[in-house]
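**Q** The structure that follows is given in the form of structure tokens.
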Amino acid sequence: MTLAATGLSTVSGLTPLPHFDRPTYLMCPPQWYDVDYVINPWMAGNLHRPSRDRAFAQWRTLYDALHRMADVRVLHPREGSPDMTFVGHTAVVQHGVAAISNFAHPQREAEAQHLRRWMAEAGFLLWETPRESNFEGEGDVLMDPNGRHIWAAHGSRTCEHSHRHLASAWHATVTSLHLIDPRFYHLDTCFAPLAGGFLLYYPEAFDARSLDRIHVAYAPGKRIAVSEAEATQFACNVINISQRILMGTVGVNLAARLTTVGFHVQQIDLSEFLRGGGSAKSLALRLSDMSANTAAAR
Ligand code: ARG
41 MTLAATGLST VSGLTPLPHF DRPTYLMCPP QWYDVDYVIN PWMAGNLHRP
91 SRDRAFAQWR TLYDALHRMA DVRVLHPREG SPDMTFVGHT AVVQHGVAAI
141 SNFAHPQREA EAQHLRRWMA EAGFLLWETP RESNFEGEGD VLMDPNGRHI
191 WAAHGSRTCE HSHRHLASAW HATVTSLHLI DPRFYHLDTC FAPLAGGFLL
241 YYPEAFDARS LDRIHVAYAP GKRIAVSEAE ATQFACNVIN ISQRILMGTV
291 GVNLAARLTT VGFHVQQIDL SEFLRGGGSA KSLALRLSDM SANTAAAR
């Protein structure tokens with residue numbers, strides 16, 4: 041297989057692209073998960089501290105919860121890629137097209153290779169971003185529930201140059217957002233478009249211009265701003281399928297606010313993954329279209 045440097049490439053030729061009627065996700069078990077290096081502020085002080093047994097049990101609880109709402113495929117974990125369980129950062133998928141990440145840190149590069157192989161074998165069209173512009177999958181690029189607009193972050197991992205190139209994969213419009221707090225180094229740590237036109241976000245993670253853009257798109261009644269205490273528990277790193285939300289343990293206050301606007305919230309202890317700098321959303325990669333998520337009734 042030859043992969044083009046940029047643009048589309050596939051091994052499947054004329055076979056139809058993968059399509060899923062039900063919400064479908066990819067997860068990667070934390071078999072080799074550890075904090076082996078420090079590439080975000082959460083990892084500092086946590087070198088080799090995660091317990092793999094506890095991580096496995098927590099991951100399994102998330103897997104089971106997600107499996108009750110969606111189909112879940114499993115990506116084989118690889119030794120030497122301790123962050124691979126955070127599979128959400130390795131691509132963005134929509135309409136059977138997978139834009140593969142170009143990680144900013146060499147420690148995570150191999151993960152993109154592993155995922156590329158899986159995606160190619162599963163028949164996805166691969167959308168490659170130019171090598172010189174970093175892009176970290178759903179860590180930094182999130183779709184609106186209608187799938188026609190993307191929110192893309194820069195300032196920490198993903199490079200602004202990649203935004204237009206990514207949007208062109210789906211002929212989507214793009215709004216770029218600038219992250220300014222190193223603790224919120226990925227967009228999925230501070231921003232989550234939810235079903236029903238709601239937005240869960242941590243306003244202080246953005247510069248003033250980005251905040252204006254967010255506030256133009258979301259009316260005050262649709263914005264659910266989290267506190268610093270909640271944000272640092274990864275309150276915005278959620279999986280949302282229709283009215284259901286899976287998140288780490290953040291507290292009753294936020295759960296009550298989400299329940300008031302019609303969501304059903306399940307909190308799961310994901311403390312071992314917080315040591316690596318991630319939570320629920322980072323542990324699953326969406327494979328189905330956004331429309332499957334919004335339409336899912338169960
Ligand atoms: N150690 C991983 C990294 O820094 C953790 C990723 C979790 N990221 C997140 N968006 N929550 O790349």
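Under my numbering, read the sequence shown as residues 41 to 338, first letter to last. Quick reminder that beta carbons are idealized off the backbone N, C-alpha and C, glycines included. Small disclaimer: the values here were computed from a predicted structure and weren't measured.
For His255, count neighbouring C-beta atoms within 10 Å of its own C-beta (all shown protein chains included) and say buried if the count is 16 or more, exposed if not.
**A** Start at 1 with the first residue of the sequence shown, and residue 255 comes out as number 215. His255 comes out exposed.
**Q** Just tell me which of Tyr73, Ala275 and Ser202 has its CA closest to the CA of Asn86.
**A** Numbered from its first residue, the sequence shown carries residue 86 at position 46. Out of Tyr73, Ala275 and Ser202, Tyr73 has the C-alpha closest to the C-alpha of Asn86.
**Q** Just to confirm my understanding: we take Ala110, look at its own chain, exclude 5 residues before and 5 after, and list those with CB closer than 7 Å. What are they?
**A** Residue mapping note: residue 110 aligns to position 70 of the sequence shown, counting from 1. Correct list, in chain order: Arg62, Pro63, Thr64, Tyr65 and Ile281.
**Q** If you check the beta carbons only, do Arg309 and Gln98 fall under 8 Å apart?
**A** Reading the sequence shown from its first residue, position 269 is the one you call residue 309. Reading the sequence shown from its first residue, position 58 is the one you call residue 98. Reading the sequence as shown, one finds Asp at residue 309 and not Arg. Cβ atoms of Asp309 and Gln98: closer than 8 Å.
**Q** Which one of Val133, Gly187, Ala320 and Ile220 has the shortest CA to CA distance from Ser196?
**A** For the purposes of this step, residue 196 is taken as residue 156 along the sequence shown, with counting starting at 1. Checked all of Val133, Gly187, Ala320 and Ile220; the closest Cα to Ser196 is Ile220.
**Q** Report the start-end ranges of each alpha helix (DSSP H) in the segment 292-337 that is 4 residues or longer and not cut off at the edges.
**A** Those alpha helix (DSSP H) runs which fall completely within the segment 292-337 and span 4+ residues are 292-300, 311-314 and 330-335.
**Q** Count the CB pairs spanning the segment 131-141 and the segment 167-177 that are closer than 8 Å, and state whether there are at least three.
**A** Taking 8 Å as the limit for Cβ pairs, the verdict is that the segment 167-177 does touch the segment 131-141.
**Q** List the DSSP bridge partners of Asn142.
**A** The residue labelled residue 142 in the question sits at position 102 within the sequence shown. Paired residues: Phe175.
**Q** Which residues bound the beta strand (DSSP E) around Asp111?
**A** Locating residue 111 in the sequence shown gives position 71, where the first residue counts as 1. First-last of the beta strand (DSSP E) with Asp111: Asp111 to Val114.
**Q** Helix or strand or just coil, what does DSSP make of Tyr77?
**A** Within the sequence shown, the letter at position 37 stands for residue 77. Here Tyr77 sits in coil by DSSP.
**Q** Taking only three categories from DSSP, how would you classify Thr169?
**A** Taking the sequence shown and counting its residues from 1, the one referred to as residue 169 is at position 129. Residue state, collapsed to three classes: coil.
**Q** Buried or exposed, going by whether 16 or more other CB atoms sit within 10 Å of the CB of Val181?
**A** Counting from 1 along the sequence shown, the entry for residue 181 is found at position 141. Answer is buried; the Cβ neighbour count reaches 16.
**Q** Which residue from Ile279, Ile264 and Arg315 puts its Cα closest to that of Asn293?
**A** As a working mapping, residue 293 is identified with position 253 in the sequence shown. Minimum Cα distance to Asn293 is reached at Ile264.
**Q** Run the CB neighbour count on Asn318, radius 10 Å, all protein chains shown included, and call it buried at 16 or more, exposed below.
**A** Position 278 of the sequence shown holds residue 318. Correcting the residue type first, residue 318 is Gly in the shown sequence and not Asn. Buried.
**Q** Taking the CB atoms as reference points, tell me whether Met183 and Val112 lie closer together than 8 Å.
**A** Position 143 of the sequence shown, counted from the start, is the residue given in the question as residue 183. Position 72 of the sequence shown, counted from the start, is the residue given in the question as residue 112. Against a cut-off of 8 Å, the Cβ pair of Val112 and Met183 comes out as no contact.
**Q** Can you tell me whether DSSP reads Phe246 as helix, strand or coil?
**A** Within the sequence shown, residue 246 is the residue found at index 206, counting from 1. In this structure, Phe246 counts as strand in the three-state DSSP scheme.
**Q** Put Val256 into one of helix, strand or coil per three-state DSSP.
**A** If you number the sequence shown from 1, residue 256 lands on position 216. Helix.
**Q** Mark Gln169 as exposed unless 16 or more other C-beta atoms lie within 10 angstroms of its C-beta, in which case mark it buried.
**A** Here residue 169 refers to the residue found at position 129 when the sequence shown is read from its first residue. The sequence shown places Thr at residue 169, rather than the Gln named in the question. Burial call: buried.
**Q** Kindly indicate which residue of Ala212, Gly136 and Asp76 has the alpha-carbon position closest to the one of Thr55.
**A** The residue labelled residue 55 in the question sits at position 15 within the sequence shown. If we check each option's Cα against that of Thr55, Gly136 comes out closest.
**Q** Return the CA-CA distance between His129 and Ala320, expressed in angstroms with no decimal places.
**A** For the purposes of this step, residue 129 is identified with residue 89 of the sequence shown, where counting begins at 1. For the purposes of this step, residue 320 is identified with residue 280 of the sequence shown, where counting begins at 1. So the two alpha carbons sit approximately 12 Å from each other.
**Q** Could you check what DSSP says for Gln98 in three-state terms: helix, strand or coil?
**A** As a working note, residue 98 is residue 58 in the sequence shown. Correct three-state label for Gln98: helix.
**Q** Please name the residue, chosen from Trp158, Pro69 and Leu206, that lies closest to Glu119 on a Cα-to-Cα basis.
**A** Along the sequence shown, read from residue 1 onward, the residue named residue 119 stands at position 79. Here the closest residue by C-alpha is Pro69.
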